[in-house]
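Q: Once you've had a glance at the structure underneath, I'll fire off some questions.
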Amino acid sequence: MFAMNAVVNLWRDKIGVNDDGWVSNEGYADAVKTTKRLKDELLGEMMGGKGDEEDINLLHKGWPFQDHEEVD
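Structure representation (structure tokens):
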């Protein structure tokens, strides 16, 4: 679990997401691009023989940087 936390923290730093999951308005477009690139790279590695279908489905389901509207 520690290793995954370290990876997610590294990704947060690359994307520009704070600990609460927020991105500044100014950084939003870049954060979306970076998030897509990171996910695509990881999926590419998984599809290249380093993961199976279950791993890929779990990545889609549990991707920590999903965009959504804030609900009051």
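Taking our numbering as reference, the numbering of the sequence shown is continuous, increasing by one, and the terminal residue is 243.
Glycine is no exception: its CB is placed at the ideal position from the N, C-alpha and C atoms.
With distances taken from CA atoms, which of Val-203, Glu-197, Leu-213 and Ala-200 is nearest Val-178?
A: If you number the sequence shown from 1, residue 178 lands on position 7. Comparing Cα positions, the closest option is Leu-213.
Q: Quick one, which of Ala-200, Leu-230, Thr-206 and Lys-232 has its alpha-carbon nearest Arg-183's?
A: For the purposes of this step, residue 183 is identified with residue 12 of the sequence shown, where counting begins at 1. Closest option to Arg-183, Cα to Cα, is Thr-206.
Q: Are the CB atoms of Ala-202 and Ile-186 nearer to each other than 9 Å?
A: In the sequence shown, residue 202 corresponds to position 31, counting from 1. In the sequence shown, residue 186 corresponds to position 15, counting from 1. The answer is yes: Cβ separation under 9 Å.
Q: How close, in whole Å, do the beta carbons of Leu-230 and Met-218 come, if the pair is a contact with beta carbons under 8 Å?
A: Looking up residue 230 in the sequence shown gives position 59. Looking up residue 218 in the sequence shown gives position 47. Actually they are not in contact, since the Cβ atoms of Leu-230 and Met-218 sit about 11 Å apart, beyond 8 Å.
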